[in-house]
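Asks: Following this message is one structure expressed as C-alpha cells.
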Amino acid sequence: MVEVRRAGPEDAPAICGLVNHVIRNTIVTFNSVEKVPGEIAAQMAAGAPFWVACEAGRVAGYASYGQFRGGVGYRHTIEHSIALDEAAWGRGMGRALMGALCDHATAAGMHSVFAGVSAENGAGVRFHAAMGFEEVARLREVGFKFDRWHDLVLMQKFL
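If you want the numbering used here, it's the 1-based position in the sequence shown plus 56.
Here it is, written out as C-alpha cells:
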C-alpha cells in the first residue's frame with residue numbers, strides 16, 4: 057500500500073537519492089550539480105513543502121513546490137518538482153503526490169502551478185496533461201546537458 061505524507065528532515069537523504077539519480081542519468085532536469093541532504097533539509101526548514109510517497113516503509117517518490125519567480129507579484133504562482141523511483145512509474149504514486157501538492161497549494165491560496173518539462177520527456181508531458189496542465193510555452197534550446205541543447209515545455213494548471 058502506498059502512503060503519501062508530508063516529508064520531514066529524516067526524508068532528506070532519500071529525496072536526495074531520487075533527485076541525484078535524475079540529475080546523473082536523465083534530461084528530466086537540466087541541472088548537473090548533485091544535491092546533498094543538507095540542502096533539502098534546509099529548504100524544508102525554510103518552509104518549503106515536501107511530500108513523499110512510501111511503499112513498505114521506503115520512499116519511492118517525492119514532490120515539492122516553491123514560488124515560480126522572485127518578487128511579491130509572483131507570490132500566488134508556484135513551480136513544482138516531482139520524481140519517482142523508476143520501479144514506481146505507472147502505479148499511481150505520481151498522481152497521489154501531485155494531488156497532495158495541489159490540495160496544499162490551493163489551501164495556501166496559490167492561483168496556479170507551473171511545470172517545466174523537458175520536451176524530450178514525453179512521459180512527463182503526458183503525465184502533466186493528464187493532471188490538468190496545459191502547454192503554455194515551448195522554450196527552444198534553453199537547457200544544455202550531456203553535450204547538447206534541449207527544449208523546455210512550460211505547462212500550467214490553474215488551481
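Positions of the beta carbon are idealized from the N, C-alpha and C atoms, including for glycine. In this text the structure is predicted, and so the values were computed from the model without any measurement.
#1: Rounding to the nearest angstrom, what Cα-Cα distance links Asn87 and Lys201 in this structure?
#2: Got a sec, what are the start and stop residues for the beta strand (DSSP E) Met211 sits in?
#3: Measure the beta-carbon distance from Leu74 to Gly117 and round it to whole angstroms, keeping in mind my assumption that it falls under 8 angstroms.
#4: So, with DSSP's three-state summary, where would you put Val128?
#5: Bridge partners of Gly172, per DSSP?
#6: Using DSSP bridges, identify the partner residues of Ala119.
#7: State the CB to CB distance for the pair Ile83 and His206, rounded to an integer number of angstroms; the pair is presumed to be in contact (CB under 8 angstroms).
#8: Measuring only the C-alpha atoms, how far is Val128 from Ala186?
#9: Going by alpha carbons, who is nearest to Leu153 out of His184, His77 and Gln123?
#10: Return the CA-CA distance between Gly172 and Ala179, expressed in angstroms with no decimal places.
#11: Is the Cβ-Cβ distance between Ile134 and Gly150 less than 8 angstroms?
#12: Since Cys72 and Pro105 should fall inside the 8 angstroms C-beta cutoff, what is the C-beta to C-beta distance between them, to a whole number of angstroms?
#13: Val75 by DSSP, collapsed to three states: which one?
#14: Would you mind stating whether His217 and Tyr121 have Cβ atoms separated by less than 8 angstroms?
Replies: The short version:
#1: 8 angstroms
#2: Arg204 to Phe214
#3: 7 angstroms
#4: helix
#5: Leu210
#6: Trp107 and Ile138
#7: 6 angstroms
#8: 30 angstroms
#9: His184
#10: 13 angstroms
#11: no
#12: About 17 angstroms separates the two Cβ atoms, so there is no contact after all.
#13: helix
#14: Summary: the structure shown does not reach residue 217, with the chain confined to residues 57 through 215, and so no result is reported for it.
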